[in-house]
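Visitor:
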Amino acid sequence: MNFQIKKEHSVRVAYNAIQLVHSSGIDSIEEEVVFTAGLYHDIGRFRQLVEYNTFDDDNSTDHGDYSVEVLQEKGFISNMDPEWQELIFKIIKLHNKFEIPKKLTDKELLYAKILRDSDKLDIYKVLTDYYIDTSKDPNHTLTWELPKGTYVSPEVARDILAEKLVSKSKVKSEVDIKILQLSWVYDLNFRSSFEILLHNRYLEKIYGSLPKNDLIIQIYRKIKVYAENKLLEKKG
Numbered sequence: 219m220n221f222q223i224k225k226e227h228s229v230r231v232a233y234n235a236i237q238l239v240h241s242s243g244i245d246s247i248e249e250e251v252v253f254t255a256g257l258y259h260d261i262g263r264f265r266q267l268v269e270y271n272t273f274d275d276d277n278s279t280d281h282g283d284y285s286v287e288v289l290q291e292k293g294f295i296s297n298m299d300p301e302w303q304e305l306i307f308k309i310i311k312l313h314n315k316f317e318i319p320k321k322l323t324d325k326e327l328l329y330a331k332i333l334r335d336s337d338k339l340d341i342y343k344v345l346t347d348y349y350i351d352t353s354k355d356p357n358h359t360l361t362w363e364l365p366k367g368t369y370v371s372p373e374v375a376r377d378i379l380a381e382k383l384v385s386k387s388k389v390k391s392e393v394d395i396k397i398l399q400l401s402w403v404y405d406l407n408f409r410s411s412f413e414i415l416l417h418n419r420y421l422e423k424i425y426g427s428l429p430k431n432d433l434i435i436q437i438y439r440k441i442k443v444y445a446e447n448k449l450l451e452k453k454g
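Just so we're aligned, residue 219 is where the sequence shown starts under the working numbering, counting upward by one.
(1) Looking at C-alpha atoms only, which residue of 440, 407 and 224 is the closest neighbour of residue 318?
(2) For residue 234, count neighbouring Cβ atoms within 10 angstroms of its own Cβ and tell me buried if that reaches 16, exposed if not.
(3) Taking 6 Å as the limit between beta carbons, can you name the residues of its chain near residue 193, skipping five residues before and five after?
(4) Is the beta carbon of residue 378 sitting closer than 8 Å to the one on residue 437?
(5) Please state the DSSP three-state secondary structure of residue 376.
(6) Quick one: what's got a C-beta closer than 7 Å to residue 335's C-beta in the same chain, skipping five residues either side?
(7) Just confirm the distance between the C-beta atoms of residue 333 and residue 259, as a whole number of angstroms; I'd bet it's less than 8 Å.
(8) Please go through the same chain and pick out, in chain order, the residues whose beta-carbon is closer than 8 Å to the beta-carbon of residue 283, but skip the five residues on each side of it.
(9) In the DSSP assignment, find the unbroken alpha helix (DSSP H) run with residue 302 in it and report its ends.
(10) Check whether the segment 267-279 touches the segment 241-259, taking contact to mean three or more Cβ pairs, one atom from each stretch, closer than 8 Å.
(11) Based on Cα-Cα distance, which residue from 275, 295, 265 and 449 lies nearest to residue 257?
(12) In its own chain, which residues sit with a C-beta less than 7 Å from the C-beta of residue 445, not counting the 5 before and 5 after it?
(13) Under 8 Å, do residue 349 and residue 424 count as touching if we go by C-beta distance?
(14) Quick one: what does DSSP say residue 263 is sitting in, helix, strand or coil?
(15) Using C-beta distances below 8 Å, list every residue in its chain close to residue 394, excluding the 5 sequence neighbours before and after it, in chain order.
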């Protein structure tokens, strides 16, 4: 089941990347590069599951790095232009990192942002499909086998309200996981990304799956207003 989820996810990320390029009007992008990167960005996940029996990078290996290793070993893109290959390896390696490193060329940064946004947007789809279908069996890949919880951990709340990405190391419950996922809006980079996010009501769906208390309501309102303002800013 998880194999199929990852396969379908990778295909959608590839098409998300093309959609972002078109809707953002970025003429300087080689579409074949972002499509290929999207298609192969998680290729290391399959070997990771076979070898480690988990998708948890903390208890196995960094799947961005591993995907590059597998892709280089298998030679699936060896017929592409060498410069394109290196760019694909670079952005796949960076797609899952907590933050984009500062020492990138403008070109590398642009391609990395496209892949990271494309990936996050489809992860939002996978997660919210799971959250709204209460008849599904628990998927520990998505819940990390943590307790459900009813409140947001103080460190997690502090970071998201300060407009910071929430680190996985601070997460203590399923509630914290969902707050971490809401914080991803701070790492989206394109107007089209915010359009897709709001059109599909991903934030609302995550919020709908959370217990309700004053802090969670405050966090949701903060995130929703942030996303709406970013969309308006990027129209100007």
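Ideal placement from N, C-alpha and C gives every residue a C-beta, glycine not left out.
Guide: In brief:
(1) On the sequence shown, residue 318 is found 100 positions in, with the first residue counted as 1. Measuring from the Cα of residue 318, the nearest candidate turns out to be 407.
(2) As a first step, residue 234 must be located in the sequence shown, where it is residue number 16. With 16 or more Cβ atoms within 10 Å of its Cβ, residue 234 is classed as buried.
(3) In this structure the chain extends from 219 to 454, so residue 193 is not present and cannot be described.
(4) Taking the first residue of the sequence shown as 1, we reach residue 378 at position 160. Taking the first residue of the sequence shown as 1, we reach residue 437 at position 219. Yes, the pair counts as a contact, with Cβ atoms nearer than the cut-off.
(5) Along the sequence shown, one-based indexing puts residue 376 at 158. Looking at residue 376 - three-state DSSP - the assignment turns out to be helix.
(6) On the sequence shown, position 117 is the one that residue 335 refers to. The answer, listed in chain order, is 238, 406, 407, 408 and 411.
(7) For the purposes of this step, residue 333 is taken as residue 115 along the sequence shown, with counting starting at 1. For the purposes of this step, residue 259 is taken as residue 41 along the sequence shown, with counting starting at 1. Rounded, the Cβ-Cβ distance is 6 Å, consistent with contact.
(8) For this step, residue 283 is matched to residue 65 along the sequence shown. For residue 283, where only same-chain residues beyond five positions count, the Cβ hits under 8 Å are 262 and 311.
(9) Against the sequence shown, residue 302 aligns to sequence position 84. Element bounds for residue 302: 300-312.
(10) Touching, no, given that fewer than three Cβ pairs across the two stretches are closer than 8 Å.
(11) As a first step, residue 257 is located in the sequence shown; it is residue number 39 there, counting from the start. That would be 295, whose Cα lies nearest to the Cα of residue 257.
(12) Along the sequence shown, one-based indexing puts residue 445 at 227. Close CB contacts of residue 445 within its chain, under the 7 Å cut and outside five residues either way in sequence, are with 403, 412, 415, 416 and 421 (chain order).
(13) Along the sequence shown, one-based indexing puts residue 349 at 131. Along the sequence shown, one-based indexing puts residue 424 at 206. Yes.
(14) Taking the sequence shown and counting its residues from 1, one reaches residue 263 at position 45. In this structure, residue 263 counts as helix in the three-state DSSP scheme.
(15) Here residue 394 refers to the residue found at position 176 when the sequence shown is read from its first residue. Hits under 8 Å: 364, 367, 370, 371, 374, 384 and 388.
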